[in-house]
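Trainee: Here's a structure for you.
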Amino acid sequence: MIVWGMADPLLTSSLFLERWKQDFRHAEFVLLSNTGHFVPEERRAELVPIVRTFLQGVPITSDHS
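Residue numbers (the numbering used here): 41 to 105.
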């Protein structure tokens with residue numbers, strides 16, 4: 041999962057998003073408007089349930105290799 045603050049002053053171009061979509065084809069993308077570079081600090085209340093829901097869908101295995 042890639043969570044991106046759309047108002048990030050360091051990654052301002054939508055070209056980043058297009059490149060990430062090519063490089064991480066199986067990733068889930070969450071785009072947050074009015075959010076800068078520090079998503080956990082800026083949108084903690086919204087981010088926690090997003091991450092929790094994502095992790096609930098990840099299979100648990102005993103193979104750590």
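From the three backbone atoms N, C-alpha and C, an ideal C-beta is built for every residue, glycine too.
#1: Helix, strand or coil, according to DSSP, for I90 in the structure here?
#2: Name the one or two DSSP bridge partners that W60 has.
#3: Would you decide whether G97 is buried or exposed? Buried here means 16 or more other CB atoms lie within 10 Å of its CB.
#4: For M41 versus S73, is the C-beta spacing smaller than 7 Å?
#5: Three-state secondary structure (DSSP) at L72?
Mentor: Reading it off the structure:
#1: helix
#2: None, per the DSSP bridge assignment.
#3: exposed
#4: no
#5: strand
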